[in-house]
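Undergrad: Protein sequence lines, in the order shown, are assigned to chains W and F.
Using the numbering used here, the first residue of the first sequence is number 42, and each one after it goes up by one.
Using the numbering used here, the first residue of the second sequence is number 24, and each one after it goes up by one.
The beta-carbon is built from N, C-alpha and C at its ideal position, and this holds for glycine as well.
Quantities reported herein were computed from a predicted structural model and do not represent experimental measurements.
Next up is a structure, given as structure tokens.
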Amino acid sequence: MAKNVLVELSEALASAAEQAGAATVLVNARRRLPGSGIVYGADLILTADHIVEREEDITVLAADGTEIAAKLAGRDPGSDLALLRLEKATSATAEPASEPARIGQIALVLGRPSAEGLQASLGVVSAIAGPVRTGRGGMLERYIRTDAISYPGFSGGPLVDASGKVLGINTSGLARGMPLTIPADLAWQVADSLAAHGHVLRGYLGIRSQPVEIPAAAQKALKREQEVGLLIVGVEADSPAFTADLMVGDILVGIAGSPVTNSDELYSHLNEERIGKATPIELLRAGQPKTVKVTVGERKP
Amino acid sequence: MKDFLNFSGTLRGALDELVQRIQSSLVVVRGHRFGAGAGIIWDSSGLILTNHHVIGKHTPVVLLQDDRELEARLVAQDEEVDLALLAVEAADLASVQPAPSLPRVGEMVFAFGHPWGQRGYVSSGIVSALPTAQTRGTRGSLTLIRTDAPLAPGNSGGPLVNGAGEVVGINAMIVGGDQSIAIPVSLAREFVQNALSARGPAHTPDRPDPKGVI
Numbered sequence: 042m043a044k045n046v047l048v049e050l051s052e053a054l055a056s057a058a059e060q061a062g063a064a065t066v067l068v069n070a071r072r073r074l075p076g077s078g079i080v081y082g083a084d085l086i087l088t089a090d091h092i093v094e095r096e097e098d099i100t101v102l103a104a105d106g107t108e109i110a111a112k113l114a115g116r117d118p119g120s121d122l123a124l125l126r127l128e129k130a131t132s133a134t135a136e137p138a139s140e141p142a143r144i145g146q147i148a149l150v151l152g153r154p155s156a157e158g159l160q161a162s163l164g165v166v167s168a169i170a171g172p173v174r175t176g177r178g179g180m181l182e183r184y185i186r187t188d189a190i191s192y193p194g195f196s197g198g199p200l201v202d203a204s205g206k207v208l209g210i211n212t213s214g215l216a217r218g219m220p221l222t223i224p225a226d227l228a229w230q231v232a233d234s235l236a237a238h239g240h241v242l243r244g245y246l247g248i249r250s251q252p253v254e255i256p257a258a259a260q261k262a263l264k265r266e267q268e269v270g271l272l273i274v275g276v277e278a279d280s281p282a283f284t285a286d287l288m289v290g291d292i293l294v295g296i297a298g299s300p301v302t303n304s305d306e307l308y309s310h311l312n313e314e315r316i317g318k319a320t321p322i323e324l325l326r327a328g329q330p331k332t333v334k335v336t337v338g339e340r341k342p
Numbered sequence: 024m025k026d027f028l029n030f031s032g033t034l035r036g037a038l039d040e041l042v043q044r045i046q047s048s049l050v051v052v053r054g055h056r057f058g059a060g061a062g063i064i065w066d067s068s069g070l071i072l073t074n075h076h077v078i079g080k081h082t083p084v085v086l087l088q089d090d091r092e093l094e095a096r097l098v099a100q101d102e103e104v105d106l107a108l109l110a111v112e113a114a115d116l117a118s119v120q121p122a123p124s125l126p127r128v129g130e131m132v133f134a135f136g137h138p139w140g141q142r143g144y145v146s147s148g149i150v151s152a153l154p155t156a157q158t159r160g161t162r163g164s165l166t167l168i169r170t171d172a173p174l175a176p177g178n179s180g181g182p183l184v185n186g187a188g189e190v191v192g193i194n195a196m197i198v199g200g201d202q203s204i205a206i207p208v209s210l211a212r213e214f215v216q217n218a219l220s221a222r223g224p225a226h227t228p229d230r231p232d233p234k235g236v237i
């Protein structure tokens, strides 16, 4: 081919697809069309949870054409990610991009839904949004949208940049069939947790709550304008909240120095790092501010 | 900023050149009473390649880029690979350059044609997959080119070209609304060679050979 800047761009894209494609595998774990996955570690495959419909009889088809038996190592339906452990290791590990995706950046969506080979489509990063409730008790802090076509069976495959580095994991299982991408840093966090514990660790307080308006006088006592807080309507026996003497009728207004106005905000603060740590929780009790230290527990999967 | 402008200039230059070169070889083929397809000038002496499904029962009419309208003669057709070869009486036409090999998945491609009758439209994308398909005929299985470049009725018979302006395939199908299928140019080359050797080496479009007409 005669070299021009267009040919060079084209070759760079094809090489990016080839490089990332070497770590993109077919995941055969449901009755219908297979899905895709990426090689996260030598014997670990990161894929979309919703394409893993059975826990046994899972096979993975690597880029070099070898078929390897796999077992479910862990799953997190909340972020629609699952980790599979291969019976024997494969080569070419997927490499996450060092920088987060930028709007307008050229990106390739890759998948391997059939034994015929790698599939790809081209687009740009269209939007970065979130947080979003995922409907399976999960919360996705951020997600990426692209205008590249997601072909059937692309769930679990990577979104890659022009140098073949992984920007995120694509799935159509989180937003009623609409394809979106879980950013690489979040996906790797979940995968690390799945590899270590088999599930994602989430913090636990042991309260039930509902949002309530905060009276003007109480806001004055709080010394800030916060119109809504979380009224505690239930405390589970022997829970961290119970031990720290949180009471029904308290209004939770902040955690670890940040105001809390809805349960999503509270949920996103109760991440893995918080578990076992004494965390200051700011309350309004009888209209007066009060800070109580609660040692965050671990939510049972 | 200066570097960026400079880069965009050369990229646009390459795109301009590619589009101009291909559009001069792009024709409109009218074979049915309604609608039209696309075709490409395969050979400067007047051989036009298009899809089999573009030519109908009527005598096909070819509209060149310079608006010359020529009656075409059907030289050969192959329903199995959806290709047809036409001949028009013209000389010194701008012919296309076929690519020497199959493209790689991820390569940039440009589709030329007349979607919904809009003449000379260009759309772009990449090679999405190289699937194999079973034909109903004698060939058995074929490798096709799937692309995410959007196609519409009127793109049929038009070329899919790479960044160097070489034809990698002939656009033939739209599957499921967002998957476009092209026939690899190697099959087209083979089809043309067979068609011409069946007619003898002396290819004279101005003297119709009845045996070549199917």
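(1) Below 6 Å CB to CB, which residues in the same chain sit around Arg249 of chain W once its five sequence neighbours on both sides are set aside?
(2) Kindly give me the distance between the Cβ atoms of Val111 of chain F and Leu93 of chain F, rounded to whole angstroms, as I take these residues to be in contact under 8 Å.
(3) With 16 other CB atoms within 10 Å as the buried threshold, where does Glu140 of chain W fall?
(4) Using DSSP bridges, identify the partner residues of Arg340 of chain W.
(5) Applying the criterion that 16 or more other CB atoms from any shown protein chain within 10 Å of the CB defines a buried residue, is Leu74 of chain W buried or exposed?
(6) List, in order along the chain, the chain F residues whose C-beta lies closer than 8 Å to that of Asn20 of chain W?
(7) Could you name the residues of the same chain whose beta carbon sits closer than 8 Å to that of Asp286 of chain W, not counting the 5 residues immediately before and after it, in chain order?
(8) With a cut-off of 7 Å, does the C-beta of Ala218 of chain F fall near any C-beta of chain W?
(9) What are the residues of the segment 216 to 233 of chain W that lie near chain F, defined by any Cβ-Cβ distance shorter than 8 Å?
(10) Skipping 5 residues on each side, what residues in its chain have a beta carbon closer than 8 Å to that of Arg71 of chain W?
(11) Classify Asp105 of chain W: buried if its beta carbon has 16 or more other beta carbons within 10 angstroms, exposed otherwise.
(12) Could you tell me which chain W residues have their CB closer than 8 Å to the CB of Val128 of chain F, listed as they occur along the chain?
(13) Per the DSSP calculation, Thr302 of chain W is bridged to which residue(s)?
(14) State the DSSP-derived secondary structure class of Asp201 of chain F, mapped to helix, strand or coil.
(15) By alpha-carbon positions, which one of F:Trp139, F:Thr73, F:Gly160 ends up nearest to Pro182 of chain F?
(16) In three-state DSSP terms, what is Ala297 of chain W?
(17) Around the Cβ of Ala61 of chain F, are there at least 16 other Cβ atoms within 10 angstroms (buried) or fewer (exposed)?
(18) Applying the 10 Å Cβ sphere with the 16-neighbour rule, what's the burial state of Arg96 of chain F?
(19) Does the distance from the C-beta atom of Pro256 of chain W to that of Val269 of chain W stay below 7 Å?
(20) I'd like to know whether the C-beta atoms of Gly188 of chain F and Leu87 of chain F end up nearer to each other than 7 Å.
(21) Would Val301 of chain W count as contacting chain F if we go by Cβ distances under 7 Å?
TA: Once the coordinates are examined:
(1) Val274, Gly275
(2) 4 Å
(3) exposed
(4) The partner list for Arg340 of chain W (beta bridge, DSSP) is empty, contrary to what the question assumes.
(5) exposed
(6) One cannot answer for residue 20 of chain W here, as it falls past the ends of chain W, which runs 42 to 342.
(7) Val333
(8) no
(9) none
(10) Ile92, Val93, Glu94, Arg95
(11) exposed
(12) Ala55, Ala58, Glu59, Gly62, Gly158, Leu159, Gln160, Ala161
(13) In the DSSP output, where bridge partners are listed per residue, Thr302 of chain W has none listed.
(14) Here Asp201 of chain F sits in coil by DSSP.
(15) F:Thr73
(16) coil
(17) buried
(18) buried
(19) no
(20) no
(21) no
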